[in-house]
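Protein sequence lines, in the order shown, are assigned to chains E, U, L and Z. Numbering of the first sequence is given in my numbering, commencing with residue 7 and proceeding in unit increments. Numbering of the second sequence is given in my numbering, commencing with residue 7 and proceeding in unit increments. Numbering of the third sequence is given in my numbering, commencing with residue 7 and proceeding in unit increments. Numbering of the fourth sequence is given in my numbering, commencing with residue 7 and proceeding in unit increments. For glycine and all other residues, C-beta sits at the position ideal for the given N, C-alpha and C. To keep things clear, I will list the structure first and then write my remarks on it.
Protein chains: 4
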Amino acid sequence: MAQNTASDSSRRNERSQRAILEAALSLVGEVGYEKLTIEGIAARAKVGKQTIYRWWPSKAAVLLDAFTAESEAGDFESFLPDTGDLAADLKFSLRATVDEFNDPNFQAPYRALAVAAANDAAAAEQFTSRLLEPGNKVYISRLHSAQEAGDIAADADLRIAAELLLGSFSQRWLMRTGELTYEFVDTVVDMVVNGLRHGA
Amino acid sequence: MAQNTASDSSRRNERSQRAILEAALSLVGEVGYEKLTIEGIAARAKVGKQTIYRWWPSKAAVLLDAFTAESEAGDFESFLPDTGDLAADLKFSLRATVDEFNDPNFQAPYRALAVAAANDAAAAEQFTSRLLEPGNKVYISRLHSAQEAGDIAADADLRIAAELLLGSFSQRWLMRTGELTYEFVDTVVDMVVNGLRHGA
Amino acid sequence: MAQNTASDSSRRNERSQRAILEAALSLVGEVGYEKLTIEGIAARAKVGKQTIYRWWPSKAAVLLDAFTAESEAGDFESFLPDTGDLAADLKFSLRATVDEFNDPNFQAPYRALAVAAANDAAAAEQFTSRLLEPGNKVYISRLHSAQEAGDIAADADLRIAAELLLGSFSQRWLMRTGELTYEFVDTVVDMVVNGLRHGA
Amino acid sequence: MAQNTASDSSRRNERSQRAILEAALSLVGEVGYEKLTIEGIAARAKVGKQTIYRWWPSKAAVLLDAFTAESEAGDFESFLPDTGDLAADLKFSLRATVDEFNDPNFQAPYRALAVAAANDAAAAEQFTSRLLEPGNKVYISRLHSAQEAGDIAADADLRIAAELLLGSFSQRWLMRTGELTYEFVDTVVDMVVNGLRHGA
DNA sequence: GCTTAAGCGAGACGGTACGTCCGGTCTTAGA
DNA sequence: TCTAAGACCGGACGTACCGTCTCGCTTAAGC
């Protein structure tokens, strides 16, 4: 968690912390990241402002904790099966991700975090290591298994392959340059899997 | 330009407008987008705040004008040649883009615009139509010519192909998940071109 | 007035200034000096806090202006007649002052100013020069005329005589060590006038 | 002492109490009454805040105890001799008081107490009964002996006489309207004694 | 001598106000 | 009429203290 080093976390008031994270999530859904204020969170959580500042360095940090706390409650990482059919497996997972990113309750805080990360290298580091990279790993690992099965080129750079899959998806979503549809991810998967097949 | 409809643009003071755009660019390079303020721009440009509010609806709009004004001064769009060798042409262009995005003077305002766009759909629309889409078009058009030459599958979705090329690039840059290098774009191009070759 | 040097007073909004002074006076009467807050004044005056900070350096300064503005509206300085009978004239004036200091509307802000002055040398300087000293002068001048008439010793220190009259009064009021009555001031006047009669 | 009734004073930690009083005195000398904080005292005394709140109801009460504790250590009440020469005796005593009030170590906490008393009737009651009134009594008693000796009028109000002596002194000091000098108190004494001589 | 209730240092907590910054609107003087 | 300047109302910032409230811990009294 992102607490200040100065304070003794064993004395945290659980009830307050939960109220803060819940307030942050619900508020960011209502007003967006830029209009999200620490005062607003404190007011909704019925908490003193200092209680937020004591434990988090910025609203981005609050939001990150809020988001991951909720995600860990459900089963966070979208499931990526390994049926032996790489393209099918990738499509399955990415279609689930499409649904997720079309859900306003997921989208609002996630966009807020992305904005914070784009803005500030420190936030980006947190965002990446706690949200993006775990997702990447799942894809890389599936690609690796395909590689070992001989389905894709032995020398393919799997990290970059994952970036093709997820970067195009992210960009379309973040800049709203198009709808996130099953067709879109299917096409992306086909192109990438095809590209990986014969020496790249 | 993004001016308000209310004012008569023939009466604009050119000197002031230029000073505002220059001030916006230099300030965003110094303090970043979130700490960029209208008051700060006005003060540096030695201009009344109202003069900014009269002609632009938001700091994102100022910045967008500032950025495009500078870009148009130089030759903005990265040149994409058509030598007949698709992969080589794409690499040539993307390597130039790598250089551009590694230039701090370019990077700071562009990142600011991307943040504004990620935040706000209206800003995104402007950002996309004035900066992203023109770039996309260049790539799509080159892909189209390759398609007509029979180098890539006839039924390939060229827009999505361009998104693969540029989205992975953008994501890596925006979230700072890795360095932008020639090797990176070369690999991306090879994968994508390979993927386009045989029906996708 | 106690405005900051930085601002151009010709651009003050009269309505706001008046509202601030009125709010300060009414609030100090309701809650006392220590619980008087700039935020409270701003809220009651329907004014931004900055508008107070722009023109006054402290709540003591606001209050001093508020108090003197009101006083100048009425005829501030208690009238001290010169009938030729020094003791009678002093009693007349001090009895009026007794009434004034027994009036809650007068007392609350005046006590607030006295507290501020006792606390802080800068406030004391303002308080003294704008409120105490003018009062002193009136008494000294009446004593001077009595001295010229031969009613009191030629070498008497009139400023100190005034301090005896007003200091004992002030102390009793400020520390609430006794009631302010006509009898009290009459006795004080008799003692002091008697003491001044034969070389002191 | 001003302790709360709720607590059992036999269990007080002497060391802590002393540290609190010393911290209060030294801090008030450094920052003044308004900027004196309970947290600051606790921090300097290396004591929990609750230990202060347990034993004193306000910072004024702490300060009053701190001040009287120190005073009782030395011989607090300025000696007022009775040589038969009233004026000389009063001058002797008041000159000593002048020295006292010109001593910064004495002045700072005493001013703080006076401010607290001026502000708040409850503090005033404590301040008066524990510091002012004992001083008054000494003067009244000396005047009484002079009255019995026939040096001053038999019907003179001796309390008011004492108020003349001490009130003018206090006022000059509190509002810093002039220096406290031997000449000043000498003149005050001469006027008052003279005024008391023949029926007042 | 053991236990148990208190005082204790520490500091988190819900609050209030601070003094500052900036947003976006409005007013004024001058070119 | 547009501009530079900046006052205005409003709202959020991040900080300082308030007075209350747990926490473990020490410690002294009374069983």
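query                                                                                                                   : result
Nearest residue (CA-CA) to Z:Glu28, options Z:Lys97, Z:Asn111, Z:Arg60, Z:Asp157                                        : Z:Asn111
Start-end ranges of the beta strand (DSSP E) lying completely within the segment 166-204 of chain U, minimum 3 residues : none
Local conformation of E:Ile158 per DSSP, three classes                                                                  : coil
E:Tyr39 (DSSP reduced to helix, strand or coil)                                                                         : coil
Interface flag, E:Asn125 vs chain U, CB-CB below 8 angstroms                                                            : yes
The segment 60-69 of chain U in contact with the segment 120-136 of chain U per 3-pair CB rule at 8 angstroms           : yes
Within chain U, partners of E:Glu40 - CB distance below 7 angstroms                                                     : Asn125
Assigned secondary structure, L:Asn125 (DSSP; H/G/I helix, E/B strand, else coil)                                       : helix
Closest residue to Z:Arg148 among Z:Arg60, Z:Lys97, Z:Glu76 (Cα-Cα distance)                                            : Z:Lys97
Rounded straight-line distance, which links the Cα of E:Ala72 to that of U:Val71                                        : Reading off the sequence, residue 71 of chain U comes out as Asp, not Val. Those two C-alpha atoms are separated by around 36 angstroms.
When L:Ser151, L:Glu185, L:Ile166 are compared against Z:Ile166, the one with the closest alpha-carbon                  : L:Glu185
Buried or exposed (CB count within 10 angstroms, at least 16 for buried), L:Val198                                      : buried
Residue-level contact to chain L via CB, Z:Asp163, 8 angstroms cutoff                                                   : yes
Residue from U:Val37, U:Ala155, U:Gly35, U:Phe85 with nearest C-alpha to U:Tyr145                                       : U:Phe85
is_contact[L:Asn111, chain Z] using C-beta, thresh 8 angstroms                                                          : no
Contact list for E:Ile166 against chain U, beta-carbon separation under 8 angstroms                                     : Ser174, Phe190, Thr193, Val194, Met197
Helix, strand or coil at L:Arg148 [DSSP, three-state]                                                                   : helix
Test: E:Asn19 CB closer than 8 angstroms to a CB of chain U                                                             : no
Proximal residues of chain L, C-beta to C-beta of Z:Glu106 below 7 angstroms                                            : Per Cβ cutoff of 7 angstroms: no residues; Z:Glu106 is ~17 angstroms from chain L at best.
Cutoff 8 angstroms; reference Z:Gly90; Cβ partners in own chain excluding five residues on either side                  : Ala155
Alpha-carbon to alpha-carbon, L:Ala49 and E:Leu171                                                                      : 55 angstroms
CB-CB length for L:Arg117 against Z:Ala93, believed under 8 angstroms                                                   : Not a contact, Cβ separation roughly 35 angstroms.
Top-ranked residue by Cα proximity to U:Asp109, from U:Asp88, U:Trp179, U:Glu20                                         : U:Trp179
Buried versus exposed call for L:Gly54 [16 or more other C-beta atoms within 10 Å across all chains shown]              : exposed
Alpha-carbon to alpha-carbon, U:Met181 and E:Ala207                                                                     : The requested residue 207 of chain E is not part of the displayed model; chain E covers only 7 to 206.
Secondary structure of E:Val34, DSSP reduced to three states                                                            : helix
Cutoff 8 angstroms: E:Phe82 Cβ touching any chain U Cβ                                                                  : Its pLDDT being 47, under 50, E:Phe82 is placed unreliably in this model, and the coordinates cannot settle the point.
Backbone secondary structure at E:Ser13 - three-state DSSP                                                              : coil
Three-state class that DSSP yields for L:Lys97 in the structure shown                                                   : helix
Span separating the alpha-carbon of L:Ser16 from that of L:Trp61                                                        : 12 angstroms
Contacting residues, own chain, Cβ-Cβ under 7 angstroms from U:Pro87 (five flanking each side not counted)              : Asp95, Phe98
Coil, strand or helix - Z:Trp62 by DSSP                                                                                 : coil
For U:Leu202 and E:Asp196, the rounded distance between their alpha carbons                                             : 9 angstroms
E:Ala130: contacting residues in chain U (beta-carbon distance under 9 angstroms)                                       : Leu180, Met181, Arg182, Thr183
Opening and closing residue of the alpha helix (DSSP H) in which E:Arg50 lies                                           : 44-51
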